[in-house]
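Asks: Here it is, the structure, as structure tokens.
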Amino acid sequence: MELPKLNFQETFDFKFKKDKDKFFIYDLVRKTYLLLTPEEWVRQHWIHYYLTVKSYSTSALITEKKIILNGLTKRIDLLITEKAQPKILIECKAPQIKLTEKTFEQTARYNSIIGAAEIVLTNGLQHINAFYEDGQYQFYKPD
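Structure follows, in structure tokens:
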């Protein structure tokens, strides 16, 4: 399987397995193998980043959390918490998906339910970071 090189300085030690014609990647948070989709490839990079580079514990990372938005059930991709409080909401797209104002607005709507101080919209190649301050998003480039 040919996976794109994503925009991370680090390289991570992923575990893969193949079953019939499908590839799976091990999720350290859920402690199980998940179907390796382009979006999952991006999410797993962020999970490894927060666990290995930022030294968060697996209990601080929440994946696929259900939220209700305008009466519809949605799932957030990844939430980083500190002391059980939402800190960073990460919305992952497949690498070929363009990050647009529309995709950012989707993430912001999800965050209106979650209430994280920061959001990251990413396709693994491009990352858009924003803090929520004074009722609006302030975009920034991380160090």
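When we follow my numbering, the leftmost residue of the sequence shown carries the number 2, and every step to the right adds one.
All C-beta atoms, glycine included, are put in the ideal place defined by N, C-alpha and C.
1. Within 10 Å of its beta-carbon, does R44 have 16 or more other beta-carbons around it, so buried, or fewer, so exposed?
2. Using C-beta distances below 8 Å, list every residue in its chain close to H46, excluding the 5 sequence neighbours before and after it, in chain order.
3. Quick check: I81 and Y51, are their CB atoms within less than 8 Å of each other?
4. Looking at the structure shown, is Q86 part of a helix, part of a strand, or coil, going by DSSP?
5. Assign D144 to buried or exposed, taking buried as 16 or more other Cβ atoms, counted over all protein chains shown, within 10 Å of its Cβ.
6. What are the boundary residues of the alpha helix (DSSP H) that includes A109?
7. In the DSSP assignment, what are the bridge partners of H128?
8. Does DSSP classify A50 as helix, strand or coil?
9. Identify, in the order they occur along the chain, each residue of the same chain with its Cβ nearer than 7 Å to the Cβ of R31, setting aside the five sequence neighbours on each side.
10. Taking DSSP's pairing of strands, which residues face Q137 in a bridge?
11. Grouping DSSP H, G and I as helix and E and B as strand, with all else coil, what is R31?
12. Measure the alpha-carbon distance for L90 versus K16 and round it to whole angstroms.
13. Checking the sheet assignment: what are the DSSP bridge partners for R1?
14. If you run the structure through DSSP and keep just helix, strand and coil, what is E40?
15. In the DSSP output, what is D20 paired with across the bridge?
Replies: Here's the rundown:
1. By the 10 Å Cβ count, R44 comes out buried.
2. Cβ neighbours of H46 beyond the five flanking positions: L7, F9, F13, G125.
3. Closer than 8 Å, so yes.
4. The DSSP-derived three-state label of Q86 is strand.
5. With fewer than 16 Cβ atoms within 10 Å of its Cβ, D144 is classed as exposed.
6. A109 -> alpha helix (DSSP H) spans 102-115.
7. H128 pairs with T123.
8. According to the sequence shown, residue 50 is Tyr rather than Ala. Reduced to three states, the DSSP call for Y50 is helix.
9. So the list reads T64, once near-sequence residues are dropped.
10. Within the DSSP secondary-structure output, Q137 pairs in a beta bridge with E134.
11. In the structure shown, R31 sits in coil (DSSP, three-state: anything other than H, G, I, E or B).
12. Approximately 25 Å between the Cα atoms of the pair.
13. The question about residue 1 has no answer, for the chain in this structure spans 2 to 144.
14. Look at E40 here: in three-state DSSP terms it is helix.
15. In the DSSP output, where bridge partners are listed per residue, D20 has K23.
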